[in-house]
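To keep things clear, I will list the structure first and then write my remarks on it.
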Amino acid sequence: MKIMIAAAALLVPGMAFAQSLSNPQPSMNMPNYSTERSSMEGRDPLPPKETAAVRAEKLARAVALREEALVLEAQDGGRLSRKSTLYLQRKARLILAYR
Numbered sequence: 001m002k003i004m005i006a007a008a009a010l011l012v013p014g015m016a017f018a019q020s021l022s023n024p025q026p027s028m029n030m031p032n033y034s035t036e037r038s039s040m041e042g043r044d045p046l047p048p049k050e051t052a053a054v055r056a057e058k059l060a061r062a063v064a065l066r067e068e069a070l071v072l073e074a075q076d077g078g079r080l081s082r083k084s085t086l087y088l089q090r091k092a093r094l095i096l097a098y099r
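Numbered according to full-length UniProt numbering, the sequence shown spans residues 1 to 99.
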């Protein structure tokens, strides 16, 4: 009985120290990922799927942008200017972001 009490007395400081750690260190065989969970858990990380109507609208806008690009190219002498290129890129990003 005395041995058990002595062993318990020797283990108490170690247990108290382990509980006082604010950031416990992972063991060597612990998987390499965080155990913290975000508030977004359970939600689909992918953007919602496009409907047929949205896809058709994007396609129509892209075709119109292509026609506009051809007109700008002709106005710029067969090669798009830097200003026209930036304008077309901005409009293309808006089409891609449209939902």
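Quick reminder that beta carbons are idealized off the backbone N, C-alpha and C, glycines included.
Item                                                                                                                                                 : Value
Three or more C-beta pairs closer than 8 Å, one from the segment 92 to 99 and one from the segment 58 to 73: is that the case here?                  : yes
Would DSSP call arginine 66 helix, strand or coil?                                                                                                   : helix
From the DSSP output, in three-state form, read off arginine 93 for me.                                                                              : helix
Pull up the distance between the alpha-carbon of glycine 78 and that of lysine 91, whole angstroms please.                                           : 20 Å
What do you reckon, are the CB atoms on serine 84 and leucine 72 nearer than 8 Å?                                                                    : yes
In this structure, does DSSP put serine 84 in helix, strand or coil?                                                                                 : helix
Excluding five sequence neighbours on each side, which residues of the same chain lie with their C-beta closer than 8 Å to the C-beta of leucine 65? : Leu88, Lys91, Ala92, Ile95
Can you tell me the Cα-Cα spacing of glutamine 75 and leucine 86, whole angstroms?                                                                   : 15 Å
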